[in-house]
Amino acid sequence: MLHVDPILAATSAPPPFTVGRVLTETRLDSWLALGLVLAAGLYLYGVHRLRVRGDRWPVARTVFFLGPGLGGIALVTISGLHAYDTALLSVHMIQHMVLSMVAPIFLALGAPMTLALRTLPVGPRKRLLAIVHSRVARVYSFPLVAFAIFVVNPFALYFSDLYRFTLEHAWAHELVHAHFILTGCVFFWPLLGLDPLPGRWPYPARALLMLLSVPFHTVLGLTIMQSSTLFGGDWYPSLNLSWSDPWDDQVVAGGILWAGGEFVSVTMLAVLVVQWVKQSEREARRVDRELDRQEARERAAGPAPV
């Protein structure tokens, strides 16, 4: 049995969780907060550049990227929730869901790569395209590879000593947060994203892959709920939280992962179907226009000679 340094445990034990503390425990001094501000600033600058030269950028994309995208990351990492992410497994699971499933989806729907390609000078634009079409990008954005990474990562984290290590080291815990975001982006960007990516699958194959991801969250959530051992070893009991029982909290954590995973997957499947329908409508209009042009050319050519 691993034992926790009592001093370390004491510094990791927050006061009872309340909604008010989500606001009062907010921190703005982390590297992640700086990264969020920088990302938002660059995105808004790109939108401004387009507007100055008279080009249009959909408002919905900006709202998706800044709101549920960057805003979702901020909600679970720099708000007061961060004070409880090593004290309550349930809070950590909320972070897991938002960072790996919710935020990456809306970042992808914000189409930041398309915005960059439309606003960057020629040199940086060519370098960005070279990165997008590089062998490494092709491998990691290939849907089956992204699917494997997305599914295997939670099992590798929670069913090994790695999770305990992240509880004991703040830098490792924040690194896991960044890893969640990247993993979610790698999986959802090729499926739902609007940016130009190489080797993108047709919509039926993407919908099938999205469906296949649903059972894994169910299995992982139920396994956590029914586990006879505590995740993190004796870390949570050593905190001696009078207001939370580690066993009950672990059941809640598993339920969050189970229900949240299914809800997000089914919702995003619906988004994918809507994109599929819109793409089919655009293709139908394109075919109609081509047929109209062909008919106009035939009329202009006059009747065929007898």
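With the numbering used here, letter number 47 in the sequence shown gets 47, and the count goes up by one each step, no holes. Even glycine gets a Cβ: it sits at the ideal position worked out from N, Cα and C. If you're wondering where the values come from, they're calculated on a predicted model, not measured in any experiment.
Here residue 94 is buried: its Cβ has 16 or more other Cβ atoms, across all protein chains shown, within 10 Å.
In this structure, the alpha-carbon of residue 158 lies about 13 Å from that of residue 90. Minimum Cα-Cα distance from residue 113 among the listed residues 102, 101, 273 and 127 corresponds to 127. Per DSSP, the unbroken alpha helix (DSSP H) holding residue 256 starts and ends at 246 to 301. The region 148 to 163 makes no contact with the region 102 to 116: fewer than 3 CB pairs, one atom from each, lie closer than 8 Å. C-alpha of residue 220 to C-alpha of residue 49: approximately 45 Å in a straight line. Excluding the 5 residues flanking it on each side, residue 122 has no same chain C-beta neighbour closer than 8 Å. Shortest Cα-Cα distance from residue 33 to any of 243, 178 and 277 involves 178. For residue 45, the enclosing alpha helix (DSSP H) covers residues 31 to 52. For residue 104, the uninterrupted alpha helix (DSSP H) segment begins and ends at 103 to 109. For residue 146, the enclosing alpha helix (DSSP H) begins and ends at 143 to 158. The beta carbon of residue 39 lies closer than 7 Å to those of 70 in the same chain, with the five residues before and after it left out. A direct Cα-to-Cα measurement between residue 45 and residue 134 gives close to 27 Å.
Around the C-beta of residue 96, 16 or more other C-beta atoms lie within 10 Å, and the residue is accordingly described as buried.
Taking 8 Å as the cut-off, the Cβ atoms of residue 232 and residue 163 count as close. Going by C-alpha positions, residue 187 is about 29 Å away from residue 27. Using a Cβ-Cβ distance cut-off of 8 Å, the region 243 to 261 and the region 209 to 226 are in contact, since at least three pairs of beta carbons, one from each stretch, lie closer than that value. According to the DSSP assignment, residue 82 belongs to no alpha helix (DSSP H), since it is labelled neither H nor E. In this structure, DSSP gives residue 78 a state outside helix and strand, which the three-state scheme calls coil. With a 10 Å radius around the Cβ and a threshold of 16 neighbouring Cβ atoms, residue 274 comes out exposed.
With contacts defined by Cβ atoms closer than 8 Å, residue 19 and residue 79 do not form a contacting pair. Taking 8 Å as the cut-off, the beta carbon of residue 110 is found closer than this to the beta carbon of residue 64.
For residue 179, the secondary structure class from DSSP, reduced to helix, strand or coil, is helix. For residue 62, the enclosing alpha helix (DSSP H) has its first and last residue at 59 to 64.
Just so you know, the alpha carbons of residue 156 and residue 289 end up roughly 52 Å apart. Here the C-alpha atom of residue 24 lies approximately 43 Å from the C-alpha atom of residue 54. Taking C-alpha positions only, residue 264 is separated from residue 300 by approximately 54 Å. Residue 217: member of the alpha helix (DSSP H) spanning 203 to 226, first to last residue. Boundaries for residue 200: no alpha helix (DSSP H) harbours it, and the DSSP string shows neither H nor E there.
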